[in-house]
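Below is one structure, written out as structure tokens; the observations come after it.
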Amino acid sequence: MGKPVQRNRFKNKRNITCEECANCEYLEHGDMICSQKNDELVYENFVPTKDYMWCEKKKFVER
């Protein structure tokens with residue numbers, strides 16, 4: 127028997143978060159806003175808020 131075929135099952139799977147989105151902007155002191163959601167805070171003091179990932183990757187724009 128030959129070598130087994132290795133499949134890269136995780137090639138297209140990525141963790142898409144607000145930090146990687148072009149609509150997310152860093153303010154200061156750990157605060158980030160989303161320009162898609164009328165400048166709502168998605169991070170406050172390095173902690174995600176209730177508006178974090180509100181678009182559920184539907185409106186994600188890669189940088």
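The opening position of the sequence shown corresponds to residue 127 in this note's numbering, with each subsequent residue numbered one higher.
No residue lacks a Cβ here, since even glycine has one placed at the ideal position from N, Cα and C.
All values derive from a computational prediction rather than experimental measurement.
Rounded to the nearest angstrom, what separates residue i and residue j at their Cα positions?
| i | j | result |
| --- | --- | --- |
| K163 | Y169 | 13 Å |
| C196 | G156 | This structure cannot settle anything about residue 196, because the visible part of the chain is limited to 127 through 189. |
| T175 | E146 | 16 Å |
| L153 | D165 | 11 Å |
Who are the Cβ neighbours of residue i in its own chain at under 7 Å, not counting the five residues just before and after it?
| i | result |
| --- | --- |
| C150 | C144, M158, C160 and V168 |
Grab me the residues of residue i's own chain with a C-beta within less than 6 Å of its C-beta, minus the 5 sequence neighbours each way, in chain order.
| i | result |
| --- | --- |
| F172 | G156 |
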